[in-house]
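Novice: Can you read through this structure? Questions will come right after.
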Amino acid sequence: MDYNFREIEQKAIEKWKAENVYKVEYPSTKPKFYVLDMFPYPSGAGLHVGHPLGYIASDIFSRYKKLKGFNVLHPMGFDSFGLPAEQYAIQTGQHPAKTTVDNIKRYKEQLSKIGFSFDWEREVSTADASYYKWTQWIFCQLFEHWYDKTADKAKEIKELIAIFEQEGNLNVAAACGDNTNKFTAPEWTSFSEMEKSDMLMQYRLAYQADSWVNWCEGLGTVLANDEVKDGFSERGGFPVEKKKMSQWFLRITAYAQRLLIGLETLDWSDSMKEMQRNWIGKSIGAMVKFEIKNHSGFVEVFTTRIDTIFGVSFMVIAPEHELVDLISTSEYKEEIKAYQKYCNTRTDTDRQSDVKNVTGQFLGAYAINPFNGVEVPIFIADYVLIGYGTGAVMAVPSGDQRDFLFAKKFNLPIIPILDTQISIETEANPTKEGKYINSDFIDGLEFKAATNKLIEALEIKKIGYGKVNFRMRDAGFSRQRYWGEPFPIFYENGIPKLLELKDLPLELPEVISYKPAGSGESPLSTATKWVNELGDGKTRETDTMPAFAGSSWYFLRYMDAQNDNEFVSVAAQQYWQDVDLYIGGTEHAVGHLLYSRFWHKFFYDKGLVSTEEPFKKLVNQGMIQGRSLLTKENQIKGISGGLNVPINLADNKDRLFKDKLVYLSKNDNRFENIDVEKDVNWEENENGQFILLQNEVEKMSKSKYNVVNPDDIINEFGADCFRMFEMFLGPIEQHKPWDTQGIGGVSRFIGKLWRLFNFDENGNAHFSTTKGDDEAYKILHKTIKKVTEDIERFSFNTAVSAFMICVNDLSKFKLQDKNILSDLVLLMAPFAPFTTEFLWEKLGNDVCILKQGNWPIFNESFLVENLINYPISFNGKVRAKLDLDAALSENEIEKIVLENENVIKILDGKAPKKVIVVKGRIVNVVI
RNA sequence: GCCCAGGUGGUGGAACUGGUAGACACGCAGGACUUAAAAUCCUGUGACUUUUAUCGGUCGUACGGGUUCGAUUCCCGUCCUGGGUACCA
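This is the structure we're talking about:
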């Protein structure tokens, strides 16, 4: 009987269905294990071969853990709110809910073919009202809480109101807005309802504030930085400018310190933790006030280098800073306006990355150094961002390269402040070594002493104070989009108020057009009936939540996916606790993974979950890239090169022939204006005219014509081969290009495995039931050891090659030992579930592997070696080998080696300086 | 720009804690079986060099330095590629 994967897959699917094998046990007395994949966004392009990489890895681990006796939760769902669906809706008029449901259906069909052990009864989809009901409820909880710095946890707003009524906010240590005024209890009582609401906004964990956004008048909407290119929208090419708008925010900064220290408890890669640390960006420094000459105000700056304050030769504030209009003098008004206009068109990313173009504008005003009274000019410059710190910096050109370049450009003094700063004529020297010079009362001191003395002086003079600052900002939570969760908020007399739980979910209204309203308001604002349906002049909030809202807590919902009364029940959460293994890409390093940790800590404060961190272990999978073919420069007139061409149109030498280009010019509008006779720089051979395309490895995407669909691979080679091939490609965490050329090797391997069973034409396997060769057992146990270790360290590619070695080695025996075949089938079950299920039955088992099987136990006694093949190296180069008794001591080995004929020959009469023996590994003779 | 990761044969990759660089595959070349093809199996395969053939030798893990008896692995510097950079998910 030949290997027929179609039949085998069909049989296995029926068996699993009949035994309901993937239904998660709950309640259960077994130890739990929670394996989670980052759920996909169901895009219109369908699943490509990159998606399953992580899912296969997590599925292997889940099945392995099940065989080891754990109760495993391994769910799947869909992150179904997002811009692409909305963009598609705008273009086609189709409701995003419809396309989303269609896409999910397609994803599920594709996923089901790969043989994942998902329990689909626990599926979640963030765009389902039954799910986003709880996302909205969580928002309500955040709105109703503030952060008590003394208790270091979130508390209910009503407790804060009680404190305000008792003693105002004079003694409250809370995470709050920067300019929160102090008030007493009587003052609080005298506040209007609006004033009270505004004051509480300064404290809520979900709050409203003004912020700068990329506004595109032409599109009538707010854009992400990556949708803006050189001051124009990427779509349509309309001008983009900065605009101040009222937005919802989440006060993630309240949790900055806990998010930082929590990292220490996690089993994540150091690089991943480092990225989060850098994003949180804790810095210890000082706030300093600089008075302004002939003006009552002051410039406040945060600096981590207060020790350099005597090197300050100018100040720079952000072009959007509110002081600009107040302190600038009339003679510069026009230049300032022009410069602000220029900055207004640039994104924050552009403003920070462009270090070659130094620009700025003098305001005509001067700040006064609080320590030595020196007057320094105040500039605006685009490298200072309004959203960072105070939006102002004290510039020290001798120590900071950006300040240095600025000083050079505007001919400002560069004052050395440390005796170790040399050659500061050519570049800044940010050193902290040495003793201070030109620095008044800290002259001669070193960094630490100087810093302490200056902070003390600041606090005595009441012009500043030592401060811990975080680079991380509060999370913007408003989107002026249609396809997101509506806020459970309505306004009464301009005051935002919450809906009650019984009124949730607040479902998205139908709208005529998914386009933005154009006024800066979201498309929801056009649903006037919905907006006003509460009556009494009450209006609904029309912004929607961002995509990270739904994904910040979905891992909890899987624990209790169908609960209508709670977001997750206490009992379910206490059993499943947290995610033991989370697999996903590094692109979520600081977005999703930080927001989820923040929400989880908030739930922990509320007593809603029993763990402080959601994801114990994190494994990052790399991206599978596609091979694409692109046109080259000067090949086609009027086309600048780099246009993607479908791979199947080119021949195997990457040549695109004339008839194919004609086809393309009719079917792809990027090519439609080409005159194939005149515009193309053809090369020619006996088959006709062609252009030679260039090969490139890129991210898989529909528009690049390089998407590979797993369905095609599965149809040709079977699901098990696909699974093993994806794992065999390389380490899970590495990026790698997709190349099906190697798949034949895996397919042949499965064939060899099949042949070990000696199937006859009636489909009966033939094996021996008496104990076989010791050597066969050695092969098996070597494999048990290797595969178990490899799975534990997520090295699936080497596990697959261990199987190949095992099957190759066993192939030399005519008839296999049944026990060996059984253990091999069990070892391979996580990797190739369909084939192994079939073989398991052929070995005489009735119940499926996951219910009946146990992970094989490694027995060291089969692996004992009496001889060790020692490499003998000379100065680190291996030049001889020697089989030696494993029991020999270092001294005995050295003696035997030096007496060896070959060694004597290589030594050629020279006496070795030293002999290093590493027992069981290597001998190194130093000449 | 800043933060993080990666760079090993023609290709994907292995070498887990500093101890035989290239496991396992792909591709390629040659051979067996076959009327032929497919399938399967066997042999060889980093580069250079020596030799009738062996036995050997030299170089070699992006590049330039360093530490070490010994470096793909640790340290310093450079180049290139990928991810993130706060409204793509």
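Add 20 to a position in the first sequence, counting from 1, and you land on the number used in the working numbering.
Glycine included, every Cβ here is placed at the ideal spot set by N, Cα and C.
Note that the coordinates shown come from a computational prediction; the quantities given were computed from them, not determined experimentally.
Express the C-alpha separation of residue 850 and residue 84 in angstroms, rounding to a whole number.
Specialist: Looking at the two C-alpha atoms, the distance is approximately 6 Å.
Novice: Just reading off the beta strand (DSSP E) that residue 241 is part of, what are its end residues?
Specialist: Residue 241 -> beta strand (DSSP E) spans 241 to 243.
Novice: Nearest to residue 729 by alpha carbon, out of 130, 112, 40?
Specialist: Comparing Cα positions, the closest option is 130.
Novice: Can you list, in chain order, the residues of its chain whose CB lies under 7 Å from that of residue 208, leaving out five sequence neighbours each side?
Specialist: Correct list, in chain order: 184, 185, 188.
Novice: Per DSSP, what kind of secondary structure is residue 608 in: helix, strand or coil?
Specialist: It is helical.
Novice: Going by DSSP, which residues form a beta bridge with residue 450?
Specialist: For residue 450, which the question treats as bridged, DSSP gives no partner whatsoever.
Novice: For residue 378, verify whether its CB is less than 7 Å away from any heavy atom of the ligand HEM.
Specialist: Of ligands this structure carries none, so the ligand HEM is not represented either.
Novice: Please state the DSSP three-state secondary structure of residue 503.
Specialist: If DSSP states are grouped into helix, strand and coil, residue 503 belongs with coil.
Novice: Less than 8 Å separating the beta-carbons of residue 521 and residue 510?
Specialist: No. Outside cutoff.
Novice: What separation, rounded to the nearest whole angstrom, lies between the Cα atoms of residue 880 and residue 803?
Specialist: Computed Cα separation, rounded: 12 Å.
Novice: Does the distance from the CB of residue 401 to the CB of residue 419 come in under 8 Å?
Specialist: No, Cβ-Cβ distance for residue 401 and residue 419 is not below 8 Å.
Novice: Considering Cα atoms alone, identify which of 366, 576, 334, 927 is closest to residue 893.
Specialist: When each option's Cα is compared against that of residue 893, the closest is 927.
Novice: Should residue 869 and residue 855 be called a contact, given that it needs their Cβ atoms to be closer than 8 Å?
Specialist: No, they are not a contact pair.
Novice: Let me check understanding here. Comparing Cα to Cα, which of 604, 584, 612, 627 lies closest to residue 597?
Specialist: If we check each option's Cα against that of residue 597, 627 comes out closest.
Novice: Any contact between the region 405 to 420 and the region 313 to 331? By contact I mean 3 or more CB pairs, one from each, below 8 Å.
Specialist: With the cut-off at 8 Å, the region 405 to 420 and the region 313 to 331 touch.
Novice: Given a cut-off of 8 Å on the beta-carbon distance, is the pair residue 997 and residue 639 in contact?
Specialist: Shown here, the chain extends from 21 to 947; a query on residue 997 therefore has no answer.
Novice: Could you check what DSSP says for residue 525 in three-state terms: helix, strand or coil?
Specialist: Residue 525: coil per DSSP, three-state reduction.
Novice: Could you check if residue 683 is buried or exposed, using at least 16 other CB atoms within 10 Å of its CB as the buried criterion?
Specialist: Residue 683 comes out exposed.
Novice: Would you list, in sequence order, the uninterrupted alpha helix (DSSP H) runs of no fewer than 4 residues that lie entirely inside the region 709 to 780?
Specialist: The region 709 to 780 contains these whole alpha helix (DSSP H) runs: 730 to 737, 739 to 748, 763 to 775.
Novice: Taking the alpha-carbon positions, what's the residue 433 to residue 440 distance?
Specialist: Each residue's Cα considered, the two are about 18 Å apart.
Novice: Under a Cβ-count criterion, where at least 16 other Cβ atoms within 10 Å of its own Cβ denotes burial, should residue 586 be classed as buried or exposed?
Specialist: With fewer than 16 Cβ atoms within 10 Å of its Cβ, residue 586 is classed as exposed.
Novice: Applying the 10 Å Cβ sphere with the 16-neighbour rule, what's the burial state of residue 78?
Specialist: It is buried - the Cβ of residue 78 has at least 16 other Cβ atoms within 10 Å.
Novice: Short check: CB of residue 474 to CB of residue 326, under 8 Å?
Specialist: Yes, they are a contact pair.
Novice: Can you tell me which of the three DSSP states residue 631 falls into?
Specialist: It is coil, neither helix nor strand.
Novice: Does the Cβ of residue 813 have 16 or more other Cβ atoms within 10 Å, making it buried, or fewer, making it exposed?
Specialist: Exposed is the call here.
Novice: Rounded to a whole number of angstroms, what is the C-alpha to C-alpha distance between residue 154 and residue 866?
Specialist: Cα-Cα distance, rounded: 43 Å.
Novice: If you drop the 5 nearest sequence neighbours on each side, which residues of the same chain put their C-beta closer than 6 Å to that of residue 778?
Specialist: For residue 778, where only same-chain residues beyond five positions count, the Cβ hits under 6 Å are 786.
Novice: Would you mind reading off the limits of the beta strand (DSSP E) that contains residue 383?
Specialist: Looking at the DSSP string, the run of the beta strand (DSSP E) that includes residue 383 is 381 to 388.
Novice: Ordered along the chain, which non-local residues of its own chain (more than five positions away) have a Cβ less than 6 Å from that of residue 873?
Specialist: Hits under 6 Å: 87, 846.
Novice: With DSSP run on the structure shown, which of helix, strand or coil describes residue 800?
Specialist: Three-state DSSP puts residue 800 in a helix.
Novice: Should residue 687 be labelled buried (16 or more other beta-carbon atoms within 10 Å of its own) or exposed?
Specialist: Exposed: under 16 other Cβ atoms inside 10 Å.
Novice: Suppose you measure from the CA of residue 409 to the CA of residue 314; what does that come to, to the nearest Å?
Specialist: Roughly 25 Å separates the two Cα atoms.
Novice: From what residue to what residue does the alpha helix (DSSP H) around residue 871 run?
Specialist: Residues 869 to 872.
Novice: Look up residue 194 in the DSSP assignment and say whether it is helix, strand or coil.
Specialist: DSSP places residue 194 in strand when its eight states are reduced to three.
Novice: Quick one, are the C-beta atoms of residue 678 and residue 287 less than 8 Å apart?
Specialist: Cβ distance not < 8 Å, so residue 678 and residue 287 don't count as in contact.
Novice: By the three-class DSSP mapping on this structure, what secondary structure does residue 71 have?
Specialist: Residue 71 falls in the coil class under three-state DSSP.
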